[in-house]
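K.L.:
Below: one structure in C-alpha cells.
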Amino acid sequence: MPSKRRGRSHSDPDRSPTPSAERKRQKYEKEHVDSSELCMTDQKRPKVHLGKYSVGWICALDIELTAAESMLDALHGTCDQDTHDSNTYILGSIGQHNVVLACLPNDGAGNNNAAIVATHLRRTFPSITMMLMVGIGGGVPGPHNPHLGDVVIGTKVIQYDLVKSFDDHIQLKGIGRRPDPNARTALTRFKAGHETHQKNISNILQHLKGYIAPDPALDVLFCSSCEYPSTQDCEFCDEHNHIRRAPRSAEPRIHYGKIASGNRVVRNAIERDGIAEELDVLCIDMEAAGVMDSFPCLSIRGLSDYADSHKNDVWQKCAANTAAACTKEFLAIVPPRTIPGSICASNNTPSSARQQQPRIVIRNIKAGDWSHQYFEAKEGSSISDISAGKNSVQAFGSKDIIQIASGLPTTQNIESPDADDSTDQLMDECASAYARC
C-alpha cells in the first residue's frame with residue numbers, strides 16, 4: 001500500500017520549499033517586511049531609558065508621522081511616561097541620533113496644540129537637545145521660484161496672526177524666533193553642501209518604498225487674482241490664469257528663509273501675498289511658532305500647495321516625504337549631543353569604540369600665576385596645548401584619570417582617588433600631586 005504523501009513540516013529541515021511557496025514568501029516579505037527589527041511589535045521590544053534621546057521630531061498630520069517613521073534606521077522599544085503626558089511616542093534612531101517622534105492629536109493642528117505636545121515631550125525626555133518641527137506647508141511664490149515638493153528650512157519662525165490695529169489698516173506684529181545655536185551651526189554646514197544634500201534627498205526618496213511623486217503637470221501656480229469657491233473643481237480654472245514659469249528639473253530643491261506660522265489655514269492668495277510682503281517669508285504653516293513657545297526648534301517644511309484657494313491634497317504625501325528625507329539628511333551632519341548627566345546619545349556604537357573616541361576636547365588653556373582650575377569630564381578627554389603660570393595647578397578630571405598641568409615644563413597624570421569624589425577632594429589630590437613635583 002503506497003504511503004500517504006506527507007506535507008512539509010518544521011521537522012523536515014532538509015526539505016526545501018517549492019518554487020511557488022518560496023516566491024510567495026519573498027513577495028510577502030517584500031510587501032510587508034522591511035527588516036525584522038522594524039516589524040517587531042512594541043510588546044516584544046524592551047523598554048528604553050528616556051535619558052538617551054537627544055532629538056525631538058514633531059509632526060502635525062498622520063501622513064507626516066508615517067513619513068518620519070519611514071526615515072528611522074531602527075525602531076526602539078516603548079517607554080514609561082507620566083500619566084499627564086497625553087503624547088504617543090515612536091522611538092528609534094537615525095544614524096548616531098536617538099530620535100523621539102510625536103504627533104499632534106487628530107484634528108488638533110495649530111500653534112496651541114503644538115505647544116502642548118512640545119511641552120510634554122520636553123518634560124518626558126529632558127535629554128532632548130534639538131527639536132524639529134517637520135511636515136507640510138504652503139509655499140509663497142517669489143524670486144526663489146518654489147515648486148510643489150520643494151523644501152523650506154526655516155531660518156526664523158514668525159507668528160503672523162499677531163496684529164496691531166490702526167485707524168485705516170492692520171499691521172502684522174510677529175516677532176521672528178530663531179532655532180537654537182546647535183541647529184543654526186549645523187544649518188550653516190548644511191548650506192555649504194547644498195547641491196550634494198539635494199542629490200542625497202532625491203536618492204533617499206527613490207529608495208523609499210511606495211514613493212511616487214505626482215505628475216509635475218499638476219504643479220500649477222495661479223495668479224493671485226484667480227480665486228474660486230471651495231466647491232468648484234480646480235480643473236475648470238482658466239489656463240490663462242496660470243503663471244508661466246521657467247522649466248526646471250522635477251528633483252526637489254531646498255530653500256532657506258523665514259516661515260510664517262499661525263493658528264489657521266491660509267487659503268487666499270491675496271492674504272498670502274500680504275503676509276509675505278509684510279514679513280518676507282517663504283512658507284506658511286500652522287505649528288512651528290507653538291513649538292517655539294516651549295523649545296527653540298528648526299522648522300522643515302515640504303511645500304504641498306501655494307496657500308491659495310487652489311489648495312488640494314495631491315502633493316501632501318510627496319511634500320511630507322520630502323521634508324522627512326531632508327530632515328534625515330540634515331541629521332547626518334549634526335554631531336550627537338547630550339546634556340550633562342544624560343546617557344550617551346547613541347547606543348549603536350560599541351562601548352569599546354566610545355571609550356576610544358574622546359567626547360571632551362580641551363586645548364589652548366593658559367593659566368596665570370597662582371591659579372587653580374578644575375575641569376570635570378564624565379567621558380574621556382582629549383587634552384592638548386596646556387600651559388600654566390608660576391605655582392598654578394590645573395586639573396582635568398575624567399572618570400578614571402586626573403591630568404595635572406602645573407607650572408612645570410611637564411604634564412603629569414595621577415590616578416583619581418575615587419570616581420565619585422567631590423571636586424574639593426579631587427583638587428586636594430591635585431594640590432598634593434603638585435606639592436610632590
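For the record, in the sequence shown the residue sitting at position 420 is 420 according to the UniProt record's numbering, with numbers rising by one throughout.
Heads up, the beta-carbon is just placed ideally off N, CA and C, and yes, glycines get one too.
In this text, all values refer to a predicted model and were calculated from it rather than measured experimentally.
1. Thinking just about the alpha-carbon of each residue, which of P252, D219, N182 is nearest to the one in N200?
2. Using a threshold of 7 Å, state whether the C-beta atoms of K258 and I175 are closer than that.
3. Pairs of beta-carbons, one from the region 301-314 and one from the region 206-223, closer than 8 Å: are there three or more?
4. Are A260 and I270 touching if we call contact CB-CB under 7 Å?
5. With distances taken from CA atoms, which of Q198, G92, D161, V151 is nearest V266?
6. The beta strand (DSSP E) spanning S54 covers which residue range?
7. Whose C-alpha, out of L331, A324, P335, P336, is nearest the C-alpha of I63?
8. For N113 and H197, I'd like the C-alpha separation in whole angstroms.
9. Kindly indicate which three-state DSSP category E29 falls into: helix, strand or coil?
10. Look up D285 in the DSSP assignment and say whether it is helix, strand or coil.
11. Can you check whether the CB of G92 is closer than 7 Å to the CB of L75?
12. Near V117, what residues of its chain come up, given a Cβ to Cβ distance below 7 Å and the 5 sequence neighbours on each side ignored?
13. What number of angstroms, rounded off, separates the C-alpha of A405 from the C-alpha of R178?
14. Could you work out which residue in E278, T185, C318 is closest to G210 when comparing CA atoms only?
15. Taking the alpha-carbon positions, what's the L187 to L65 distance?
16. By a C-beta neighbour count over all protein chains shown, 10 Å radius and 16 as the cutoff for buried, is G193 buried or exposed?
17. When you compare only the Cα positions, how much space is there between residue 445 and T322?
18. Within 10 angstroms of its Cβ, does R189 collect 16 or more other Cβ (buried), or is it exposed?
19. Does H120 pass the burial test, meaning 16 or more other C-beta atoms within 10 Å, or should it be called exposed?
20. Given that a residue counts as buried once 16 or more other Cβ atoms are within 10 Å of its Cβ, and exposed if not, what is K52?
21. Is S202 helix, strand or coil when you go by DSSP?
22. What would DSSP say about F222, mapped onto helix, strand or coil?
23. For D62, name the three-state secondary structure that DSSP assigns.
24. T83 to S249, Cα distance in whole Å?
25. Report back the beta-carbon spacing between E287 and I204 to the nearest angstrom; my notes put them in contact at under 8 Å.
26. Pick from H147, N111, S54, G135: whose alpha carbon is nearest that of C326?
27. What number of angstroms, rounded off, separates the C-alpha of H144 from the C-alpha of H49?
28. Rounded to a whole number of angstroms, what is the C-alpha to C-alpha distance between L72 and V99?
29. Which residue from V55, P146, P296 puts its Cα closest to that of A246?
30. Going by DSSP, what residues sit across from R267 in a beta bridge?
31. At which residues does the alpha helix (DSSP H) containing K209 begin and terminate?
32. Looking at the structure shown, is N98 part of a helix, part of a strand, or coil, going by DSSP?
33. Taking 7 Å as the limit between beta carbons, can you name the residues of its chain near A183, skipping five residues before and five after?
34. Can you give me the start and stop residues for the alpha helix (DSSP H) that C318 sits inside?
P.N.:
To lay it out plainly:
1. With distances taken between Cα atoms, N200 lies closest to P252.
2. Between K258 and I175, the C-beta gap is not smaller than 7 Å, which leaves the two residues out of contact.
3. Flag = yes, the region 301-314 and the region 206-223 touch.
4. No, the pair does not count as a contact, with Cβ atoms beyond the cut-off.
5. When the alpha-carbon of V266 is set against those of Q198, G92, D161, V151, the nearest one is in D161.
6. Counting along the chain, no beta strand (DSSP E) covers S54, and no H or E run does either.
7. Ranking the options by Cα distance to I63, first place goes to A324.
8. Straight through space, the alpha carbons of H197 and N113 are spaced by roughly 32 Å.
9. The predicted model places E29 with a pLDDT of 47, which falls under 50 and marks its position as unreliable, so this point remains unresolved.
10. Three-state DSSP puts D285 in a strand.
11. Yes, the Cβ-Cβ distance between L75 and G92 is below 7 Å.
12. Annotation for V117: I58, N87, A102, L104 place their beta carbon closer than 7 Å to its own, counting only its chain and skipping 5 residues before and after.
13. Residue placement at A405 is poorly supported in this model, since its pLDDT is 48, which falls under 50; the coordinates still yield a value, given next. Distance between the alpha carbons of A405 and R178 is about 40 Å.
14. C318 is the residue among E278, T185, C318 whose C-alpha sits nearest the C-alpha of G210.
15. CA-CA distance, L187 to L65, rounds to 23 Å.
16. Taking a 10 Å sphere around the C-beta of G193, we find fewer than 16 other C-beta atoms and assign the residue as exposed.
17. Residue 445 is absent from the structure shown; the chain starts at 1 and stops at 437.
18. That one is exposed.
19. Classified as buried, H120 has 16 or more neighbouring CB atoms from the shown chains inside 10 Å of its CB.
20. By the 10 Å Cβ count, K52 comes out buried.
21. Here S202 sits in helix by DSSP.
22. Reduced to three states, the DSSP call for F222 is strand.
23. Looking at D62 - three-state DSSP - the assignment turns out to be helix.
24. Computed Cα separation, rounded: 49 Å.
25. So it is not a contact: roughly 23 Å between Cβ atoms.
26. Nearest of H147, N111, S54, G135 to C326, Cα basis: G135.
27. Taken atom to atom, the span from the alpha-carbon of H144 to that of H49 is near 44 Å.
28. Spanning the two alpha carbons is a distance of roughly 8 Å.
29. Closest option to A246, judged by alpha-carbon separation, among V55, P146, P296: P146.
30. None, per the DSSP bridge assignment.
31. No alpha helix (DSSP H) contains K209, which DSSP labels as neither H nor E.
32. It is a strand residue.
33. So the qualifying residues of the chain are M130, L298.
34. Looking at the DSSP string, the run of the alpha helix (DSSP H) that includes C318 is 316-331.
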